[in-house]
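These protein sequences, in sequence, are chains A and B. Taken in order, the first sequence gives residues 0 to 131; the numbers are from numbering that gives the first Met the number 0. Taken in order, the second sequence gives residues 0 to 442; the numbers are from numbering that gives the first Met the number 0. Positions of the beta carbon are idealized from the N, C-alpha and C atoms, including for glycine. Please read the structure below before turning to the comments.
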Amino acid sequence: MSDDLAKILIVEDDEPLVEVLSERFDNEGFEVIVAKDGEQGLKAALEKQPDVILLDIIMPKLDGLTMLKQLRAHEKGKNIRVIVITNLSDSKEVHEALANGAHDFLVKSDWAIADIVESVRNQIQEMHSSQP
Amino acid sequence: MDSSDLETYQRDLRKHLKTLAPIFANAAAGDFSQDVKLPAKDNELSVFFAGVEVMLEAIREKERESKEILEKLYNVNAELQHEKAVYQAILSSIAEGLVVVDKEAHITLMNQAAADMLGVDGQAVIGRNYYDIVITKDREDKILPVEKRALKRALTTGRKQIRTMTDELQYVHSNGTTIPVTITASPVKLNNQIIAGVSTFQDISTEKQLDRTKSEIISIASHQLRTPLTAIKWLSEQLIKPVHKMSRATQKLYLQRIHASNERMITLVNDLLNVSRIELGTISLSAQPFDLPRTINDVLNELDSQIKLKHIKVQKQIGSGLDAIVTDRRHVQVILQNLLANAVKYSPKNHTVTVSARKDGQNLRFEIRDTGYGIPENQQSKIFNKLFRADNARKQVSDGTGLGLYVGKAMVDQLGGKIWFESAENKGTTFFVILPLTKPNSR
């Protein structure tokens, strides 16, 4: 399966970041779905079944960690690959994210976009290789 | 001697002996003051009487000496009592808790500060075991065992023990509450033997609060700054190395985004600087005439991108005679920036923000009104607190420091003005500000 059919859901409330991420992933050949808060994010994840979710933590209405918990409680949300992207770097948040089934945790300001794309690609590869 | 001489002698003897009776009686009662009347004739009787007088005089002398010694003792005692009272007063005035124990850790002294901090009677605890009266909890709220107590280690090792803020120890008040403390426990040595122990401690609740506030500001700053920093990082990365060629329009949009993120960081840094200036009391005031309508426009221009993005309609109601008002321009600008930024931020799309300014006697009066999310009634009393953001604000708008109104109010207070508001959840908020104006040409 080539990346061109890969679906990515970006759950992030900060406008400039959402725009630049969408643009980049679009250019990289992904189908991009966007959600501005945890509520929209949960709905989009369950309906659209993306391959990878890029999930921010601090968001209005429903924060990222709570959305993740609710997602994992759903049959349709149990196995979606999730990369938590945030600017919080306290270990408490890292532990909570990984404990709730995030596959990776990135601090936004430490990573170039190209590296985030790479990270997403790796998740998709891992997903394919772990499928029977 | 013939019988008439003997009779005379007997009469004489009886007469003189009689005079001694009261003297001896008085002496028995402790009064040695009466003089002995010596017989006229110079015989063995007069010798006897002289002897009694000499003896009485000797006793009187001893009495005088005793009295002197007693007086000296009373004086010395009075001095000691005074010194004791002075030391008691010194101990009572010491704000630190002070407890002295014997080498078996029984309390021999506790000053008032210690008694108050522990909620005990400073006199009643004398003789009690120190470790039963003073109870320590660690950072996990577990009671510290005796071997780990600072005083125990001081008495055992003969070395001073210091516990600082980072040890995060607490003392338990008799009512169950705890206070964070720093502790110093020292052994008291005489001829190289430990004869007693002294423990002093301080309530550091204020210092801990300050420490928490500072940590909070730092973590808010780093989190809040990272968001615009990330935007600039990724946007510029795209501009430098785009995957596909970018249109001029997209390039311009990205540059606008970079500009907006930079503005956001500038605002945050200014807010934080203002906060620390307020805390340190280093803001200076200078009153100069300036053009208020122009300042209002400057502030609105800074908010232009936000206003356009949300299609906010801005209505201005500016009175006349405001183009040369005399007060601190910088302060007024910060107040307007914070109130207008909030009005725009907490308004949904397509709503209206009204800013009005007019002279009100010797004062300047502002009103800034929005029809947005409002402040819930049960949170209104905290709205000017540092770092406070109302729950509905947090939910609707994730970006915010909780510093704007704290800074704004501090600026209003420094100008000797008043700030208040009226608000209802989901109906909107109006902020009112009154600032005294100095007359132009008056210094």
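(request) Would you check if the distance between the CB atom of residue 98 (chain B) and the CB atom of residue 88 (chain B) is smaller than 7 Å? (result) Residue numbering aside, residue 98 (chain B) sits at position 99 when the second sequence is read from its first letter. Residue numbering aside, residue 88 (chain B) sits at position 89 when the second sequence is read from its first letter. Between residue 98 (chain B) and residue 88 (chain B), the C-beta spacing is not below 7 Å.
(request) Return the Cβ separation of residue 181 (chain B) and residue 201 (chain B) in integer angstroms, given the expectation that the two are a contact with Cβ distance under 8 Å. (result) Looking up residue 181 (chain B) in the second sequence gives position 182. Looking up residue 201 (chain B) in the second sequence gives position 202. Confirmed, about 5 Å.
(message) Need the endpoints of the beta strand (DSSP E) that residue 54 (chain A) sits in, please.
(response) As a first step, residue 54 (chain A) is located in the first sequence; it is residue number 55 there, counting from the start. 51-54 is the extent of the beta strand (DSSP E) around residue 54 (chain A).
(message) Determine whether the beta carbon atoms of residue 424 (chain B) and residue 375 (chain B) lie at a separation below 7 Å.
(response) Here residue 424 (chain B) refers to the residue found at position 425 of the second sequence. Here residue 375 (chain B) refers to the residue found at position 376 of the second sequence. A contact, by the Cβ cut-off of 7 Å.
(request) Go through the stretch 0-82 of chain A residue by residue and report every complete run of the alpha helix (DSSP H) that reaches 4 residues or more, in order. (result) As far as the stretch 0-82 of chain A is concerned, its whole alpha helix (DSSP H) runs of at least 4 residues are 14-26, 37-47 and 63-72.
(request) Can you tell me which of the three DSSP states residue 117 (chain B) falls into? (result) On the second sequence, residue 117 (chain B) is found 118 positions in, with the first residue counted as 1. Helix.
(message) Restricting to runs no shorter than 4 residues, where is the alpha helix (DSSP H) found entirely within the stretch 293-381 of chain B?
(response) Taken in chain order, the complete alpha helix (DSSP H) segments of 4 residues or longer contained in the stretch 293-381 of chain B are 303-308 and 328-344.
(message) For the alpha helix (DSSP H) containing residue 227 (chain B), name the first residue and the last one.
(response) By one-based count along the second sequence, residue 227 (chain B) stands at place 228. 204-239 is the extent of the alpha helix (DSSP H) around residue 227 (chain B).
(request) Please report how far the alpha carbon of residue 15 (chain A) lies from the alpha carbon of residue 256 (chain B), in whole angstroms. (result) Working through the first sequence from its first residue, we reach residue 15 (chain A) at position 16. Working through the second sequence from its first residue, we reach residue 256 (chain B) at position 257. Between residue 15 (chain A) and residue 256 (chain B), the C-alpha separation is close to 6 Å.
(request) Scan the stretch 237-292 of chain B and note each continuous alpha helix (DSSP H) run of 4 residues or more that stays entirely inside, going in chain order. (result) For the stretch 237-292 of chain B, whole alpha helix (DSSP H) runs of length 4 or above, ordered along the chain, are 247-279.
(request) Compare the Cα-Cα distances from residue 177 (chain B) to each of B:117, B:218 and B:216 and report the closest residue. (result) Mapped onto the second sequence, residue 177 (chain B) falls at position 178. Per the Cα distances, B:117.
(request) Kindly indicate the opening and closing residues of the beta strand (DSSP E) around residue 162 (chain B). (result) In the second sequence, counting from the first residue as 1, residue 162 (chain B) sits at position 163. Here the beta strand (DSSP E) through residue 162 (chain B) covers 160-162.
(message) Extract the residue ranges of the beta strand (DSSP E) inside the stretch 71-144 of chain B, only unbroken runs of 3 or more that lie entirely within it.
(response) You should have 96-101 and 106-109.
(message) Counting only C-beta atoms, is residue 92 (chain A) closer than 7 Å to chain B at any point?
(response) Start at 1 with the first residue of the first sequence, and residue 92 (chain A) comes out as number 93. Answer no: the Cβ-Cβ gap between residue 92 (chain A) and chain B never drops below 7 Å.
(message) I want to see whether chain B comes within less than 7 Å of residue 112 (chain A), judged by CB atoms only; does it?
(response) For the purposes of this step, residue 112 (chain A) is taken as residue 113 along the first sequence, with counting starting at 1. With 7 Å as the cut-off, residue 112 (chain A) counts as an interface residue toward chain B.
(message) Can you find the residues in the same chain that come closer than 8 Å, C-beta to C-beta, to residue 385 (chain B), ignoring five residues on each side of it along the sequence?
(response) By one-based count along the second sequence, residue 385 (chain B) stands at place 386. Excluding residues within five positions, the ones whose Cβ falls inside 8 Å are 212, 274, 401, 402 and 405.
(request) Would you give the residue range spanned by the beta strand (DSSP E) that residue 430 (chain B) belongs to? (result) Within the second sequence, numbered from 1, the residue matching residue 430 (chain B) stands at position 431. Per DSSP, residue 430 (chain B) belongs to the beta strand (DSSP E) from 427-435.
(message) Within 10 Å of its beta-carbon, does residue 1 (chain A) have 16 or more other beta-carbons around it, so buried, or fewer, so exposed?
(response) For the purposes of this step, residue 1 (chain A) is taken as residue 2 along the first sequence, with counting starting at 1. Its pLDDT being 48, under 50, residue 1 (chain A) is placed unreliably in this model, and the value from its coordinates should be taken loosely. By the neighbour-count rule (16 or more Cβ atoms within 10 Å), residue 1 (chain A) is not buried but exposed.
(request) Could you tell me which of B:30, B:143 and B:111 sits nearest to residue 94 (chain B), measuring between CA atoms? (result) Stepping through the second sequence from its first residue, residue 94 (chain B) is reached at position 95. Residue B:111 is the option with its Cα nearest to residue 94 (chain B).
(request) Please list, in chain order, all residues of the same chain as residue 207 (chain B) whose beta carbon is under 6 Å from its beta carbon, the five residues on each side excluded. (result) Here the question's residue 207 (chain B) lines up with position 208 in the second sequence. Same-chain partners within the cutoff: 179.
(request) Report yes if the CB atom of residue 116 (chain A) is closer than 7 Å to the CB atom of residue 101 (chain A), and no otherwise. (result) Here residue 116 (chain A) corresponds to residue number 117 of the first sequence, with the count starting at 1. Here residue 101 (chain A) corresponds to residue number 102 of the first sequence, with the count starting at 1. Result no, Cβ atoms of residue 116 (chain A) and residue 101 (chain A) do not sit closer than 7 Å.
(message) Within the continuous alpha helix (DSSP H) that includes residue 183 (chain B), where are the two ends?
(response) Mapped onto the second sequence, residue 183 (chain B) falls at position 184. Per DSSP, residue 183 (chain B) lies in no alpha helix (DSSP H); the unbroken beta strand (DSSP E) holding it starts and ends at 177-189.
(request) Give the single residue among B:284, B:142, B:315 and B:136 whose Cα lies nearest to the Cα of residue 298 (chain B). (result) Within the second sequence, residue 298 (chain B) is the residue found at index 299, counting from 1. Of B:284, B:142, B:315 and B:136, the smallest CA-CA separation from residue 298 (chain B) is found for B:315.
(request) Within its chain, find whatever has a CB closer than 7 Å to the CB of residue 223 (chain B); leave out the 5 residues flanking it on each side and keep chain order. (result) Walking along the second sequence from the start, residue 223 (chain B) turns up at place 224. The residues are 267 and 400.
(request) Please classify residue 23 (chain A): is it buried, with 16 or more other beta-carbons within 10 angstroms of its beta-carbon, or exposed? (result) As a position in the first sequence, residue 23 (chain A) is number 24, starting the count at 1. Here residue 23 (chain A) is buried. Its C-beta has 16 or more other C-beta atoms within 10 Å.
(message) Please identify the residue among B:133, B:149 and B:137 whose C-alpha is closest to the C-alpha of residue 173 (chain B).
(response) Translated into positions along the second sequence, residue 173 (chain B) becomes position 174. Ranked by Cα distance from residue 173 (chain B), the options B:133, B:149 and B:137 are led by B:133.
(request) Might you give, ordered along the chain, the residues of its own chain that have their beta carbon closer than 8 Å to the beta carbon of residue 264 (chain B), omitting 5 neighbours on each side? (result) Numbered from 1 along the second sequence, position 265 holds the residue referred to as residue 264 (chain B). Excluding sequence neighbours, residue 264 (chain B) sits near 224, 227 and 228.
(request) Could you confirm whether any beta carbon from chain A is found closer than 7 Å to the beta carbon of residue 301 (chain B)? (result) Here residue 301 (chain B) corresponds to residue number 302 of the second sequence, with the count starting at 1. Residue 301 (chain B) does not count as touching chain A.
(message) Just list the residues that DSSP pairs residue 196 (chain B) with in beta bridges.
(response) Locating residue 196 (chain B) in the second sequence gives position 197, where the first residue counts as 1. Paired residues: B:100 and B:186.
(message) Only counting the same chain, and skipping five residues up and downstream in sequence, which positions put a Cβ closer than 8 Å to that of residue 193 (chain B)?
(response) Start at 1 with the first residue of the second sequence, and residue 193 (chain B) comes out as number 194. These residues qualify, in order along the chain: 102, 154, 157, 186 and 187.
(message) Could you check whether the stretch 74-84 of chain B touches the stretch 41-49 of chain B, counting it as contact only if at least three pairs of C-beta atoms, one from each stretch, sit closer than 8 Å?
(response) Note that the stretch 74-84 of chain B does not touch the stretch 41-49 of chain B; fewer than 3 beta-carbon pairs, one per stretch, sit closer than 8 Å.
(request) With 9 Å as the limit, tell me which residues of the stretch 231-244 of chain B have their beta carbon closer than that to any beta carbon of chain A; keep them in chain order. (result) Within the stretch 231-244 of chain B, 231, 232, 233, 234, 236, 237, 240, 241, 242 and 243 place their CB atoms closer than 9 Å to a CB of chain A, listed in sequence order.
(request) Drop a sphere of 10 angstroms on the beta-carbon of residue 450 (chain B), count the other beta-carbons inside from all chains shown, and report buried for 16 or more, exposed for fewer. (result) Look at the range of chain B in this structure, 0 to 442, and you will see that residue 450 (chain B) is not part of it.
(message) Check this for me: beta carbons of residue 40 (chain A) and residue 17 (chain A), under 7 Å apart or not?
(response) The residue labelled residue 40 (chain A) in the question sits at position 41 within the first sequence. The residue labelled residue 17 (chain A) in the question sits at position 18 within the first sequence. Judged by beta-carbon spacing, residue 17 (chain A) lies beyond the 7 Å limit of residue 40 (chain A), meaning their Cβ atoms are not closer than that value.
(request) Output the distance between the C-alpha atoms of residue 83 (chain B) and residue 92 (chain B), rounded to the nearest integer angstrom. (result) Position 84 of the second sequence, counting from 1, holds the residue named residue 83 (chain B). Position 93 of the second sequence, counting from 1, holds the residue named residue 92 (chain B). So the two alpha carbons sit approximately 14 Å from each other.
(request) Evaluate residue 251 (chain B) with the Cβ neighbour count: other Cβ atoms within 10 Å of its Cβ, from every protein chain shown; 16 or more gives buried, anything less gives exposed. (result) The residue given as residue 251 (chain B) occupies position 252 in the second sequence. Exposed, because fewer than 16 other Cβ atoms sit within 10 Å of the Cβ of residue 251 (chain B).
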